[in-house]
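Protein chains: 2
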Amino acid sequence: MTTDTSTTVEWLTEEQQTHWRAFRGGAARLFAALEHELERDTGLSTHEYEVLVRLSETPDRTLRMAQLADNIAHSRSRLTHTIRRMEEQGLVVRLPCVEDARGVNATMTDKGWEVLVAAAPKHVQSVRDHLVDVLTEEQFAALGEAMEAVRVHLTGGACHVEGVASEC
Amino acid sequence: MTTDTSTTVEWLTEEQQTHWRAFRGGAARLFAALEHELERDTGLSTHEYEVLVRLSETPDRTLRMAQLADNIAHSRSRLTHTIRRMEEQGLVVRLPCVEDARGVNATMTDKGWEVLVAAAPKHVQSVRDHLVDVLTEEQFAALGEAMEAVRVHLTGGACHVEGVASEC
DNA sequence: AACTGTTAGTTCAAAGTTGTACTACACTCA
DNA sequence: TGAGTGTAGTACAACTTTGAACTAACAGTT
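So the protein lines, in turn, are chains P and Z. The first sequence begins at 9 in my numbering and counts up one residue at a time. The second sequence begins at 9 in my numbering and counts up one residue at a time.
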């Protein structure tokens, strides 16, 4: 082992480059398409949709801000803005946390629930149209497993918050 | 065929849901990590990097605005802003297009080239660290092929602009 | 040449995102 | 009990993105 700072990097093969570009380009266009269809069909952004989904999966439709932020991989600051906007729309409410006076609980309202229930079928259909049904079952499973490995690598495998089971 | 507007949607199986979430979560975290490392190491955003890459691959380091926008899947408006910022940094220049007086050519400067040459090894290393080397060769190839199918589905297969061969 | 429809690119204002700084509270350990 | 350290969430200001409106120029028609 040397301390050479100008070590050569192993370049990508032409094949790898092709795959990497397909991944970047495909993912960018896919997320853009899903975003547009969800916005058009329901008025929600995919981020707002994700928030509602996560809240809907807890017993009391409530999560701490930090948990929510970790779940959907947003910065704290970004989540504060998103939740404020959703609160203005009446989709969620924020309440101080009893156990920890620093904390804030975001809770889904009945309206939030209704909006999610109305939005989900359309969004699922979009995901089918542009991703799931475009691939074979094996391809889609391989995609999921590969990206799960990437996620585990990036987050150190962590995917749980004390007290509340979260999606892994 | 009916005109029933409330047709039931085929839901995702639990497995499909898991894969879909892994894909979303993994991709979001991966792109965020790459963005941060590139910014930290070179001061470039991944979008600026992409612009430089595309320009570097043409014989005269030049592309029309619209071609560039299509290549990297950005809106026209967004590309205008990106190129303006890059022009202020001296990475590209904009020149009127001779063949079509409506058009504008974006050309990479020597400085842009140098910045790209300096940035590329670091970025490739990031891509290796967090994606390519995390997966087996087969997994990575499967990922690329799947996302290529998604891209083709979304763009109607188009991936070429008259006159200039672009990445497919 | 004038008319129509289309394409290229920019501009504008509104909305979203980012990172830092800040306040408040909690935890630890002397 | 209080000093020091860490965590939760928000506020702020700078920056980026979005979509619609706009100007200019091409292309085809009559």
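We treat Cβ as the ideally placed atom computed from N, Cα and C, and that holds for glycine.
So which of the options has the shortest CA-CA distance to residue i?
i: ILE80(Z); options: ARG32(P), VAL17(P), GLY152(P); result: ARG32(P)
i: ARG62(Z); options: ALA109(Z), LEU151(Z), ILE91(Z), LEU139(Z); result: ILE91(Z)
i: GLN24(P); options: GLY164(Z), ASP141(Z), HIS161(Z), VAL101(Z); result: ASP141(Z)
i: GLU56(Z); options: ALA127(Z), VAL158(Z), ALA150(Z); result: ALA127(Z)
i: THR54(P); options: GLY152(P), THR70(P), GLU156(P), HIS82(P); result: HIS82(P)
i: LEU20(Z); options: HIS161(P), GLU156(P), PHE148(P); result: PHE148(P)
i: ALA154(P); options: ARG72(Z), TRP28(Z), GLU43(Z); result: TRP28(Z)
i: LEU52(Z); options: VAL125(Z), SER85(Z), CYS105(Z), LEU151(Z); result: VAL125(Z)
i: ALA36(Z); options: GLU58(P), GLU146(P), THR26(P), THR50(P); result: GLU58(P)
i: GLU22(Z); options: GLY152(P), HIS161(P), ARG159(P); result: GLY152(P)
Quick one: list the residues of chain Z neighbouring residue i, beta-carbon separation under 7 Å, in chain order.
i: THR26(P); result: GLY152
Name the chain P residues that come within less than 8 Å of residue i, Cβ to Cβ?
i: VAL140(Z); result: LEU20, GLN24, TRP28
i: HIS161(Z); result: HIS138, VAL142
Could you name the residues of the same chain whose beta carbon sits closer than 6 Å to that of residue i, not counting the 5 residues immediately before and after it, in chain order?
i: GLU175(Z); result: Bear in mind that a pLDDT of 35 at GLU175(Z), under 50, signals an unreliable position, so the number given afterwards is only what the model happens to contain. Contacts found: none.
i: GLY120(Z); result: LEU60, LEU99, VAL100
i: THR163(P); result: none
i: ARG84(P); result: ALA77
i: GLU170(Z); result: Note that GLU170(Z) scores 34 on pLDDT, short of 50, meaning its location in the model is unreliable; the coordinates nonetheless yield the value given after this. Here the set comprises nothing.
i: LEU103(P); result: ASN113
Taking 7 Å as the limit between beta carbons, can you name the residues of its chain near residue i, skipping five residues before and five after?
i: THR10(Z); result: Note that THR10(Z) scores a pLDDT of 45, beneath 50, so its modelled location is shaky and nothing firm can be said.
i: LEU87(P); result: MET73, LEU76, ALA77
i: CYS105(Z); result: ARG72, GLY111, VAL112, ASN113
i: THR26(P); result: none
Taking C-beta pairs closer than 9 Å, name the residues in chain P that residue i reaches, listed in chain order.
i: GLU96(Z); result: Correct list: empty, because the minimum Cβ distance to chain P is about 25 Å.
Below 7 Å between beta carbons: does that hold for residue i and residue j?
i: ALA109(P); j: LEU76(P); result: no
i: LEU46(P); j: HIS131(P); result: yes
i: ALA30(P); j: GLU156(Z); result: yes
i: VAL123(Z); j: GLY34(P); result: no
i: VAL160(Z); j: GLN133(P); result: no
i: ALA40(P); j: ALA150(Z); result: no
i: MET116(P); j: ARG48(P); result: no
Leaving aside the five residues before and after residue i along the sequence, list all residues of the same chain whose C-beta is less than 8 Å from its C-beta, in chain order.
i: VAL172(Z); result: Residue placement at VAL172(Z) cannot be trusted, given a pLDDT of 32 that sits under 50; the coordinates are not used to answer.
**Prompt:** Using a beta-carbon distance cut-off of less than 9 Å, what residues from the segment 98 to 128 of chain Z approach chain P?
**Reply:** ALA128
**Asked** Just by C-beta distance, which residues in the segment 75 to 94 of chain P are closer than 7 Å to chain Z?
**Response** ALA81
**Asked** Mind listing which residues of the segment 30 to 53 of chain Z have their C-beta closer than 9 Å to chain P's C-betas, in chain order?
**Response** Residues ALA30, PHE31, ARG32, GLY33, GLY34, ALA35, ALA36, ARG37, LEU38, PHE39, ALA40, ALA41.
**Request:** Select from the segment 57 to 74 of chain Z all residues with a C-beta closer than 9 Å to any C-beta belonging to chain P, and list them in chain order.
**Result:** GLU58
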